[in-house]
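Protein chains in written order, with this note's numbering: chain Y, 278 to 560; chain R, 500 to 833.
Note sheet for the following structure.
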Amino acid sequence: MLDNRLVVVSGKGGVGKSAVTAGLALKAAAHGARVLVIGMTEPLGLAEHVGVERLTYEAREVHPGISALAIDRPAALDEYIRLQLRVPRAAPTAQLTRALTVLAETAPGIREIITMGKPVFEVWASRWDHVIVDAPPLGQLASYLRAPQAVASIVPAGRIRDQAMAMADVLNSDCELILVATASELPVNETLEAVALMKAESLVPVTGVIANRVVEPLDIAARTVARLPDGPHRGAVELHMAVAEDQTTWLAELSPTFTIPYLFGLLTPYEVAARIGDLLEAA
Amino acid sequence: MSGVTVVTGAGGVGKTTLAAATAVGAARRGESALVLTVDPARRLADALGLEELGNDPEPVPGESNLWAAMLDVTASWEAMVNQHAEPDVADRLLANPYFRAIADRFPAAQSYAAGEEMSRYIESGRWDVIVVDTPPSAGGIDFFEAPANMRNLIGGRLLRWITGARLPGRKALYRIAARPALRLADSVLGGPLLEEIADFFIDLRTLHDGIAARARHVERHLAEATIVVVTTSDPTPLREAHRFFGSIEAPDLVVFNRALPDDWADAGPSGFEGKLGMVADKAMEVWGTEAHKGSRVRAEFSDRYGVRVVAVPWMPTPPTDTDSLEELGRALTP
């Protein structure tokens with residue numbers, strides 16, 4: 278993990294992607310790397326995990342060595358037109374903006390290359406050792422990673438196509454995917470499908486599969502537990518054991534490369550991210 | 500008319516299971532019930548006898564009053580186009596790659612298709628109770644906004660964006676497409692892409708009147724439905740649950756899934772010695788803190804919105820048959 282400049286973090290919705298993204302950034306920054314984290318779709322989650330109230334499209338330092346920004350679609354489109362398509366500022370871009378807005382909602386791949394364009398552009402800018410992306414959930418991930426090909430198939434020539442091809446280069450040569458899952462049926466199955474899809478279509482190499490919120494088994498026999506009277510303690514021990522047992526089955530299916538324990542208690546999102554960073558660091 | 504319950508919320512909170520549990524409960528009380536689901540986990544699909552993807556409601560094996568249907572978005576879209584468009588326009592649209600792209604990934608399209616299916620079943624009058632599990636996009640909220648979004652899309656909002664004017668005819672549109680600004684767009688885009696898209700929208704627009712009328716029906720059914728928002732006490736789904744208040748018709752019920760008993764919050768030490776005592780105290784410390792957090796979050800929610808809040812106990816293994824679904828459903832009824 279963290280061997281490429283572009284690091285994409287995804288997973289089924291609600292598994293703790295943003296916490297892991299922030300944890301990875303903290304780990305990288307602990308080694309002196311200059312890191313940019315980008316919130317792609319739901320930036321609020323990433324914001325609270327890096328310890329700020331909200332993120333803007335302007336990168337802002339949120340922690341020594343870590344800057345953060347959130348994708349804002351109109352701003353991304355404007356930047357895409359000026360910097361990536363190199364349309365001069367003086368040109369009448371209002372119509373072009375409209376046209377691309379329409380395209381982004383209809384033609385396959387356009388919306389995705391406009392938003393994925395930002396992280397790739399930041400990689401080109403060479404200001405960062407790592408650009409870590411809190412990517413859209415698994416359901417939408419493939420359409421983002423396939424976007425350059427999708428665009429190439431509908432746009433026969435021109436600057437949009439050229440830019441899409443340049444983006445494909447980065448995705449092919451300097452990008453890795455880290456997948457996060459919790460140890461239950463849908464997240465595990467969707468993660469395994471994503472791993473297979475990445476391989477089958479040679480999209481982006483998966484360098485890490487992280488199991489999040491894993492409950493550690495209690496080292497005690499069920500008949501010993503039966504000595505506890507009915508009540509909260511017995512309930513808590515039985516729930517713990519049942520959750521751990523169910524998770525064991527799904528962990529065996531997933532075979533994660535890294536496991537993060539369930540971080541119980543009243544930790545703030547930033548504290549959770551810091552703990553994840555420490556755990557990743559200790560590995 | 501059927502009683503409709505829409506079960507919504509962020510992904511991963513168990514709303515599909517709770518939708519199924521609600522339908523099983525109604526069926527076992529003697530009402531004929533249909534659950535319309537989107538993407539059930541394998542074990543739940545098995546429990547409902549849904550191993551094959553089917554748009555049409557099928558009776559659930561072993562249940563006399565219960566039917567289940569799985570939404571097939573692509574099929575619903577095709578049905579919608581065939582119903583509302585002239586035959587030659589329908590053929591052209593269904594073969595058009597832009598149309599495919601919209602049907603596949605425009606979130607409003609998926610949600611709208613689910614709403615259309617729901618309305619069709621409501622209007623058939625075949626069921627006393629219909630329970631709808633919303634598609635997993637945008638935290639469920641766009642299911643409620645989809646009819647309006649669809650009217651805008653089909654009604655040419657995007658087309659007007661291209662031309663910057665009111666809807667022109669085909670000829671006028673080509674005149675506009677020849678303007679210098681659009682030729683700049685073409686040189687950047689590398690082809691007559693905009694003309695192709697304009698053609699597509701002109702075809703799509705012929706569906707407008709039919710779809711606009713249907714969309715109003717869908718909206719009316721949604722306004723009459725019982726809305727259940729499912730969440731857990733985790734921050735991400737909670738944030739989604741908050742979004743339902745103030746943006747749509749107020750939800751009727753908020754279900755906190757995976758809840759822990761309130762008396763776990765301050766249980767104290769077990770009083771047992773040795774290993775058992777240690778394990779019990781450790782488990783209690785961990786889950787007691789979670790219980791404390793959960794009851795605080797639930798109280799905040801009902802105080803803030805005055806909405807009925809129900810806690811559904813944490814089941815470590817999800818229900819695998821209709822009996823356990825019925826048991827789960829009991830936690831939902833007052």
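Using N, Cα and C, we set each Cβ at its ideal position, and we do this for glycine too.
Can you tell me whether residue i is buried or exposed, with buried defined as 16 or more other CB within 10 angstroms of its CB?
i	result
Asn564 (chain R)	buried
Val520 (chain Y)	buried
Asn281 (chain Y)	buried
Leu827 (chain R)	buried
Lys774 (chain R)	exposed
Asp780 (chain R)	buried
Lys476 (chain Y)	exposed
Thr378 (chain Y)	buried
Met442 (chain Y)	exposed
Ala594 (chain R)	exposed
Asp590 (chain R)	exposed
Arg858 (chain R)	Since the first and last residues shown for chain R are 500 and 833, residue 858 (chain R) lies out of range.
Ser532 (chain Y)	exposed
Arg757 (chain R)	buried
Leu552 (chain R)	Here Leu552 (chain R) scores only 48 on pLDDT, less than 50, and its place in the model is too uncertain to base an answer on.
Ile553 (chain Y)	buried
Pro546 (chain Y)	buried
Ala560 (chain Y)	exposed
Gly745 (chain R)	exposed
Pro509 (chain Y)	buried
Gln524 (chain Y)	buried
Closer than 8 Å by beta-carbon distance: list the chain R residues that pair up with residue i, in chain order.
i	result
His517 (chain Y)	Ala782, Val785 and Trp786
Ile487 (chain Y)	The premise fails here: Ile487 (chain Y) is roughly 16 Å from chain R at the closest Cβ pair, so nothing lies under 8 Å.
Pro533 (chain Y)	Going along chain R, no residue has its Cβ under 8 Å from Pro533 (chain Y), so there is no contact; the nearest lies around 18 Å.
Ile497 (chain Y)	Lys774, Leu775 and Val778
Pro509 (chain Y)	Pro760, Asp762, Trp763, Ala766, Met783 and Gly787
Asp523 (chain Y)	Pro815 and Thr816
Which residues in chain Y have a C-beta closer than 8 Å to the C-beta of residue i? List them in chain order.
i	result
Gly510 (chain R)	Lys289, Gly290, Gly291 and Pro414
Arg704 (chain R)	What Arg704 (chain R) touches in chain Y: nothing, since even the nearest Cβ is about 14 Å away.
For residue i, report the span of its beta strand (DSSP E) as first-last.
i	result
Thr484 (chain Y)	Val483 to Val491
Arg337 (chain Y)	Arg337 to His340
Ala458 (chain Y)	Cys452 to Thr459
Gly508 (chain R)	Gly502 to Gly508
Ala567 (chain R)	Leu565 to Met569
Asp632 (chain R)	Val628 to Asp632
Ile710 (chain R)	Counting along the chain, Ile710 (chain R) falls outside any beta strand (DSSP E), though it belongs to the alpha helix (DSSP H) covering His707 to Glu723.
Thr536 (chain R)	Ala532 to Thr536
Ala353 (chain Y)	Where Ala353 (chain Y) is concerned, there is no enclosing beta strand (DSSP E), although the alpha helix (DSSP H) it sits in stretches over Arg350 to Glu356.
Ile343 (chain Y)	Ile343 to Ala347
Leu283 (chain Y)	Leu283 to Gly288
Which residues of chain R have a Cβ atom closer than 7 Å to the Cβ of residue i, listed in chain order?
i	result
Thr501 (chain Y)	Leu775
Phe541 (chain Y)	Val785, Thr788 and Glu789
Arg504 (chain Y)	Leu775
Val514 (chain Y)	Val778, Ala779 and Ala782
Arg546 (chain Y)	At residue 546 (chain Y) the sequence reads Pro, which differs from the Arg that was named. Going along chain R in sequence order, the residues near Pro546 (chain Y) (Cβ under 7 Å) are Pro734.
Val520 (chain Y)	Pro815
For the putative contact between residue i and residue j, defined by C-beta atoms under 8 Å, what is the C-beta separation to the nearest angstrom?
i	j	result
Thr468 (chain Y)	Leu456 (chain Y)	5 Å
His340 (chain Y)	Ala306 (chain Y)	7 Å
Ala498 (chain R)	Glu557 (chain R)	Shown here, chain R extends from 500 to 833; a query on residue 498 (chain R) therefore has no answer.
Val447 (chain Y)	Val397 (chain Y)	5 Å
In chain Y, which residues lie less than 9 Å from residue i when you measure between Cβ atoms?
i	result
Ala546 (chain R)	The premise fails here: Ala546 (chain R) is roughly 13 Å from chain Y at the closest Cβ pair, so nothing lies under 9 Å.
Phe771 (chain R)	Arg504, Leu505 and His510
In chain Y, which residues lie with their C-beta within 7 Å of the C-beta of residue i?
i	result
Thr735 (chain R)	Gly291 and Gly322
Lys792 (chain R)	Leu543
Arg738 (chain R)	Leu321
Just reading off the alpha helix (DSSP H) that residue i is part of, what are its end residues?
i	result
Pro736 (chain R)	Pro734 to Arg742
Ser823 (chain R)	Thr821 to Arg829
Trp576 (chain R)	Val572 to His583
Pro812 (chain R)	It is not in any alpha helix (DSSP H) - Pro812 (chain R) instead sits in the beta strand (DSSP E) that spans Arg807 to Pro812.
Thr526 (chain Y)	Pro509 to Leu531
Val297 (chain Y)	Lys294 to Ala307
Thr521 (chain R)	Lys514 to Arg527
Phe541 (chain Y)	Note, Phe541 (chain Y): premise wrong, no alpha helix (DSSP H); not H, not E.
Leu469 (chain Y)	Glu462 to Ala477
Ile315 (chain Y)	Ile315 (chain Y) -> not in any alpha helix (DSSP H); beta strand (DSSP E) instead, spanning Val312 to Gly316.
Asp555 (chain R)	First-last for Asp555 (chain R): undefined, no H or E at that position.
Does residue i come within less than 9 Å of chain A when only Cβ atoms are used?
i	result
Thr392 (chain Y)	Absence of chain A from the displayed structure is noted, the protein chains being Y and R.
Within the segment 749 to 789 of chain R, ranges of the alpha helix (DSSP H) (whole runs, at least 4 residues): Correct list: empty.
Alpha helix (DSSP H) runs contained entirely in the segment 379 to 446 of chain Y, provided each spans 4 or more residues: 387 to 401, 415 to 422 and 424 to 431
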